[in-house]
Ligand code: SF4
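Residue numbers (our numbering), protein chains in the order written: chain A, 235 to 399; chain B, 1042 to 1463.
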């Protein structure tokens, strides 16, 4: 069960917003890069989310753009516990699963910035504790759920010595 | 008996590589024919391999690392990452294309690493470019890339397919870039998310392989996983002499099932421009003509090939770049540069006032080679114009064809290339 505050943004948040391409080469240290997470959209993102953790909530097509895996990684390192969006760009979605960042496709219209959320990944439901509402979602296909449960693709390979799905 | 519907190109290639009857929606683990990484993504893939405890790669001849995004290195940090890639190549035998070789998406097909019917993944979103060569190629992240480098396999969700048919014919001054920008404007940046696209019709058939690659390159800009075309005589001729492997062209079945079908009459498409800050913010050029520009860019994996340089050179021949404009030209590869020198295009462009930079990504992603200043407008042949894309979030990027860029750098403002024809 994942529980944290919602940080809400809009549609079409691309990977350059999540982590600007100009930082891609600055460092391979994700902790240092995480400071710049979402910076062009919200310069305070890291400062707000890092201390107590947060759930990033967005509209449609979250993570469009580049294949940079730094995108889910900086979110993880900024203490983002999960991303909820109406839809995700494909590569970002894969990268999130592969790096162990829970991503959930669901209706995010009735979530407001600051709402307290609880995500039940297996049960397929987001509970909005502030509003007392529940948002159902289709649980992940088994292959993806397995990778996420193993903690991402690297851990999966370490554990099974290759693909075991 | 219920008739089993036919298969799309994506379903056929993924079935063949998974050894299964794969249909849209299935998840398969499939063998890949090639794996690529570039200098922004390879270091993370190498680290993931180390964390997996894997020493080598599944087949060194089928793995290439390309140093193109920030090359030659502008910073010590980048130099260190490049060193990691070179050492990995030495250690595992994987192919390394070092600075000056060119953009990954030009080098992989140019050097015959893929042939029609192949399945390949690259740690770069524009890996979809080789769809124009009938290769199911798709961009993945570094961890996916590492898994593929280690095992020669990867998991795939078999995509549904959207069919985009271009009918009629192109008007003078209109190019494949305009066709794909028009599509982005029509269906939006998420119009084909999770899907493969099959591009076909008489207009695609009439295009050169160079021009076709521009379209497949931008499939990702509408969210697609792959931008596939059939292999025809032109594709096969293009492959001649590049690879020892035999092409295995894959056509869709006539009764293949498509999630969506779109027909675009090319006659109705004029020069198109994507305005800041998204690729689907597209207008006919008439609506943005006259917008002042301070920088022009000709190059990138979208439009840095020989034909693109030829188009720009034909417009710039005997003319001068506007004094208030910097015009940066980055050929897609060393081969393209050499061919363009031989054909005289480089001479023409440089005489006109172009700044020629190393074959590679050029200023596309803002890591080197021409970061715009605050408030400046750039017109570029690249595929993305996101805020901050070229390294400055206070700059504004417009995207157009090589002809549109060439005409615009002459006048110092966005200009319809049709006035420079003939
Ligand atoms: S040219 Fe631009 S879009 Fe193409 S691979 Fe390089 S950075 Fe990416």
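The beta-carbon is built from N, C-alpha and C at its ideal position, and this holds for glycine as well.
Since the model is a prediction, treat every value here as computed from it, not as a measurement.
If you measure from the CB of residue 1082 of chain B, is any heavy atom of the ligand SF4 nearer than 7 Å? A distance criterion of 7 Å places the beta-carbon of residue 1082 of chain B beyond contact range of the ligand SF4, judged by its closest non-hydrogen atom.
Closest Cα partner of residue 1334 of chain B within the set B/1067, B/1215 and B/1367: Taking residue 1334 of chain B as reference, the option from B/1067, B/1215 and B/1367 with the minimal CA-CA separation is B/1367.
I believe residue 1164 of chain B touches residue 1078 of chain B by the beta-carbon criterion, under 8 Å. Please report the beta-carbon distance rounded to the nearest angstrom. About 4 Å; that satisfies the 8 Å criterion.
Count the other C-beta atoms from every protein chain shown that fall within 10 angstroms of the C-beta of residue 1464 of chain B, then say buried if there are 16 or more, exposed otherwise. No answer is possible for residue 1464 of chain B: it lies beyond the span of chain B, which begins at 1042 and ends at 1463.
Can you list the residues of chain A that residue 1235 of chain B reaches, using a CB-CB cut of under 7 Å? Within chain A, the C-beta atoms nearer than 7 Å to that of residue 1235 of chain B come from 324, in chain order.
Mind pulling the chain B residues with CB within less than 9 Å of residue 341 of chain A? Going along chain B, no residue has its Cβ under 9 Å from residue 341 of chain A, so there is no contact; the nearest lies around 16 Å.
Spatial neighbours of residue 1141 of chain B within its chain, please: C-beta separation below 7 Å, excluding the five flanking residues on both sides. The residues 1375, 1399 and 1400, in chain order, have a CB closer than 7 Å to that of residue 1141 of chain B in the same chain once the five nearest residues on each side in sequence are set aside.
heavy atom of the ligand SF4 below 7 Å from residue 1406 of chain B C-beta: The answer is yes for residue 1406 of chain B.
Is it true that the CB of residue 1191 of chain B sits closer than 8 Å to the CB of residue 391 of chain A? Yes. Within cutoff.
For residue 1272 of chain B, which three-state DSSP category applies? Here residue 1272 of chain B sits in coil by DSSP.
Given 8 Å as the limit, is there contact between the stretch 337-351 of chain A and the stretch 288-299 of chain A, that is, 3 or more CB pairs closer than that? Yes, since at least three Cβ pairs between the stretch 337-351 of chain A and the stretch 288-299 of chain A fall closer than 8 Å, the two stretches touch.
So does the stretch 1238-1256 of chain B actually touch the stretch 1339-1346 of chain B, counting three or more Cβ pairs closer than 8 Å? Enough Cβ pairs lie closer than 8 Å, so yes.
Would you say residue 1398 of chain B touches the ligand SF4, meaning its beta carbon is less than 7 Å from a heavy atom? No, since every heavy atom of the ligand SF4 falls outside the 7 Å radius drawn around the Cβ of residue 1398 of chain B.
To be precise: take each residue of the stretch 1069-1099 of chain B, compare its Cβ to all Cβ atoms of chain A, and keep it if any distance is under 7 Å. Which residues remain? Residues passing the 7 Å Cβ filter: 1070, 1081, 1082, 1084, 1085, 1089, 1092, 1093 and 1094.
Taking 8 Å as the CB-CB limit, is residue 1430 of chain B close to chain A? Taking CB atoms only, residue 1430 of chain B has a neighbour in chain A less than 8 Å away.
Is the beta carbon of residue 1423 of chain B within less than 7 Å of some heavy atom of the ligand COA? Here the bound small molecules are the ligand SF4; the ligand COA is not part of this structure.
Counting C-beta neighbours from all protein chains within 10 Å, is the total for residue 1347 of chain B 16 or more, i.e. buried, or is it exposed? Classification for residue 1347 of chain B: buried.
So is residue 375 of chain A in contact with chain B if we call contact Cβ pairs under 8 Å? Interface residue, yes.
Which residues in chain B sit within 8 Å of residue 308 of chain A, going by Cβ to Cβ distance? Residues of chain B passing the Cβ test: none, with the nearest at roughly 12 Å.
Rounded to whole angstroms, how far is the Cβ of residue 1288 of chain B from the Cβ of residue 1377 of chain B, which I believe are closer than 8 Å? With 8 Å as the limit, residue 1288 of chain B and residue 1377 of chain B do not qualify as a contact, their Cβ atoms being about 22 Å apart.
Alpha helix (DSSP H) runs wholly inside the stretch 1065-1130 of chain B, at least 4 long, in chain order: You should have 1083-1093.
Using 8 Å as the threshold, is the stretch 1088-1103 of chain B in touch with the stretch 375-392 of chain A, meaning 3 or more CB pairs across them? Contact holds: three or more Cβ-Cβ distances are below 8 Å.
So for residue 393 of chain A, helix, strand or coil by DSSP? In the structure shown, residue 393 of chain A sits in a helix (DSSP, three-state: H, G or I).
Please list the partners that residue 229 of chain A has in chain B, where partner means a Cβ-to-Cβ separation under 8 Å. A question about residue 229 of chain A goes unanswered here, because the residues of chain A that appear run from 235 up to 399.
When every heavy atom of the ligand SF4 is checked, does at least one fall within less than 7 Å of the C-beta of residue 1341 of chain B? For residue 1341 of chain B, the Cβ falls inside the 7 Å cut-off from some heavy atom of the ligand SF4.
Since I believe residue 310 of chain A is in contact with residue 335 of chain A (beta carbons under 8 Å), could you give me their beta-carbon distance rounded to a whole number of angstroms? Residue 335 of chain A to residue 310 of chain A, Cβ: 5 Å. Contact.
What are the uninterrupted segments assigned as beta strand (DSSP E) that are 3 or more residues long and contained completely in the stretch 267-341 of chain A, given in chain order? Those beta strand (DSSP E) runs which fall completely within the stretch 267-341 of chain A and span 3+ residues are 288-291, 314-319 and 337-339.
Kindly confirm or deny that the stretch 1205-1213 of chain B and the stretch 1298-1305 of chain B touch, where touching means at least three C-beta pairs closer than 8 Å. They touch, by the three-pair rule.
Measure from the C-beta of residue 1371 of chain B to each C-beta in chain A and report whether the shortest distance is under 8 Å. Interface flag for residue 1371 of chain B against chain A is unset, since no Cβ pair is found closer than 8 Å.
Unbroken alpha helix (DSSP H) runs of length 4 or more, entirely within the stretch 1198-1273 of chain B: which are they? Every alpha helix (DSSP H) of 4 residues or more that sits fully in the stretch 1198-1273 of chain B is shown, in chain order, as 1217-1228, 1243-1247 and 1250-1258.
Taking 8 Å as the CB-CB limit, is residue 1219 of chain B close to chain A? Cβ-Cβ to chain A under 8 Å: no for residue 1219 of chain B.
Chain B contact for residue 241 of chain A (CB, 8 Å cutoff): Not closer than 8 Å to any Cβ of chain B, the Cβ of residue 241 of chain A fails to qualify, so no.
N- and C-terminal bounds of the alpha helix (DSSP H) containing residue 194 of chain A: Nothing about residue 194 of chain A can be read from this structure; chain A reaches only from 235 to 399.
Please report whether the beta-carbon of residue 1279 of chain B lies at a distance below 8 Å from any beta-carbon of chain A. Residue contact check for residue 1279 of chain B against chain A: no CB pair falls below 8 Å.
Mind pulling the chain B residues with CB within less than 8 Å of residue 384 of chain A? The contacting residues do not exist; residue 384 of chain A stays about 12 Å from chain B at best.
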